[in-house]
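In the numbering used here, the protein residues as written are 728 to 1279.
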């Protein structure tokens, strides 16, 4: 108690004495956001003072006591289980470190150039794009400082958080199901193409998965019958605030948890029982912790976040049907057996959800509701509907899949069902492992396309970059090629040179934002080469003007 009061006093003193102008200047330096950062420092000071008050008053809100009984609902894993889990984590890390720096894609390149290469203080005080995943940029900056400026060091935090999410999957699953099912769910993620892919993606999504799993497990402790108190509430709030600091869509996971807590409150006679108080305290703390983390950039935050992506442009990326087909197609590409396995997987998922629903509707809600709320919220904000926004549900998905296989197997084969289900899951994991090498391919092969063109261009040729090839080649690869953003500029380049080479990517976007250029490319150019990438639609396409003989 005395320690809490001393910490609260220290926070209050720092909040009062922290000089806003000096702090803003020390962090932001010559950043164009200096004025807004000064306002952010005032918000930071106010939030720090708020946390001092919360800490001082915490003992007056009875939430129960954390202790050994808090783990009573989770069986202590056997020594064999610990060895298997350790083996999976070591294997998972090795798979995620292999060829880690190969083929950065556009968002990773922009993250490196615009954020990670900034001084740490400027990273903490810059939120001028939705491509800024705050926590990831900070971790990547530390990694680059330690290991040098490279694609490998840029992606290292994703690989480490992805590996940690395997452990978090086991932690959550072991609370809800048997030791065997928990290990098999972890096994599936260890050898999952999609999980390896995202663990080698220098964005915040593997961290979002990690913190969402840990937060969900803590929420179950808070609302359950186990002994839990302030430590668990703070742990939940820290995990979910870090998830939100990684990517703001994590706020929808917290909204889902709040709705579930509201239902628990209603079902318990609309009284503030201990589980309800725990959940309420944790959710409020998540809000204040998140405000503390974002305080320095809060004046920039809402303008950036609420700006629609590709405003005024009609593109398939905003179509829910495209989201559905792209998600299903992506899942099929990463599953052994492709579409046949996907259809079977949907049946298995239905059986798994049915089984979990019989166990607890709260658990099913924790699995499903965050994704549903995320989808509707993204639609309401007119944002592009990226399947990656739902990667945080990967741990829930494998748990549902494993339960579904065990449920069907027990119904069909009775006493032999559990053994056969285990064998089936191991076989699926083996098949999935065969798809993992595809995750090690370049996400976008900008370097391969550049080498191809430079080896074949003549002295009088011009190389033109369009839309999402302009930035990477100019800012990351240092190419002094012609950057074109309108039809007149493309025609001028063509008229001044004997032959024109064009590099583009993401045709869905290019056709939407530059329809006149797209029409000219279709009518006057031949495809010289296509360099595939594992990002959907992210192949780098090389065209050559039709007035000359295109190379083969």
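Cβ atoms here follow ideal geometry from the backbone N, Cα and C, with glycine treated the same way.
- No residue range can be given for residue 852, since it is assigned to no alpha helix (DSSP H) and is classified by DSSP as neither H nor E.
- For residue 832, the three-state secondary structure derived from DSSP is coil.
- In the displayed model, residue 1227 falls within a strand according to three-state DSSP.
- In terms of Cβ geometry, residue 1226 and residue 1185 form a close pair [threshold 8 Å].
- Looking at 772, 853, 750, the one whose alpha-carbon comes closest to that of residue 1029 is 853.
- Put simply, the backbone Cα of residue 1160 is about 15 Å away from that of residue 925.
- DSSP, reduced to helix, strand and coil, places residue 790 outside both helices and strands of the structure shown, so it counts as coil.
- For residue 755, the enclosing alpha helix (DSSP H) has its first and last residue at 747 to 755.
- Between residue 748 and residue 770, the alpha-carbon positions lie close to 13 Å from each other.
- Note that the C-beta distance between residue 916 and residue 893 is below 8 Å.
- Going by C-alpha positions, residue 786 is about 27 Å away from residue 1021.
- Within the region 897 to 930, the complete alpha helix (DSSP H) segments of 4 residues or longer fall at 906 to 917, 920 to 926, listed in chain order.
- Per the Cβ contact rule, the region 939 to 952 is not in contact with the region 837 to 852 (fewer than 3 Cβ pairs under 8 Å).
- Secondary structure at residue 1254: strand, using DSSP grouped into helix, strand and coil.
- With respect to the C-alpha of residue 783, the residue from 733, 762, 1023 having the closest C-alpha is 733.
- Residue burial is scored here from C-beta neighbours: residue 908 has at least 16 other C-beta atoms within 10 angstroms and is therefore classed as buried.
- In the structure shown, residue 1271 adopts extended strand secondary structure according to DSSP, grouped into three states.
- Beta-bridge partners assigned by DSSP to residue 1193: 1211.
- Taking the Cα positions, residue 941 is about 20 Å away from residue 790.
- C-alpha of residue 1120 to C-alpha of residue 888: approximately 15 Å in a straight line.
- Distance from the CA atom of residue 1217 to the CA atom of residue 760, rounded to whole angstroms, is 35 Å.
- Around the CB of residue 912, 16 or more other CB atoms lie within 10 Å, so the residue is classed as buried.
- Here residue 987 is not near residue 978, since their CB atoms are 8 Å or more apart.
- With a cut-off of 8 Å on Cβ pairs, the region 1172 to 1181 is in contact with the region 1192 to 1206, counting three or more such pairs.
- Taking C-beta separations shorter than 8 Å and ignoring five residues to either side along the sequence, the partners of residue 1077 in its chain run 1131, following chain order.
- Of the residues 817, 1221, 1115, the one whose Cα lies closest to the Cα of residue 1188 is 1221.
- Comparing alpha carbon positions, the residue from 993, 965, 1024 closest to residue 1011 is 965.
- The C-beta separation of residue 1169 from residue 830 comes to about 2 Å, placing the pair in contact by the 8 Å criterion.
- Rounded to whole angstroms, the separation of the alpha carbons of residue 765 and residue 1008 is 30 Å.
- Contact between residue 983 and residue 1096 holds: their C-beta atoms lie close to 4 Å from each other, under 8 Å.
- As the crow flies, the alpha-carbon of residue 1251 is around 10 Å from that of residue 1270.
- In this structure, the alpha-carbon of residue 754 lies about 48 Å from that of residue 1254.
- Residue 1188 carries a strand assignment under DSSP once its states are collapsed to helix, strand and coil.
- Within its own chain, the residues whose Cβ lies closer than 6 Å to the Cβ of residue 898, once the five positions on either side in sequence are excluded, are 944, listed in chain order.
- Residue environment for residue 864: buried (at least 16 other C-beta atoms within 10 angstroms of its C-beta).
- Per DSSP, reduced to three states, the secondary structure at residue 1002 is helical.
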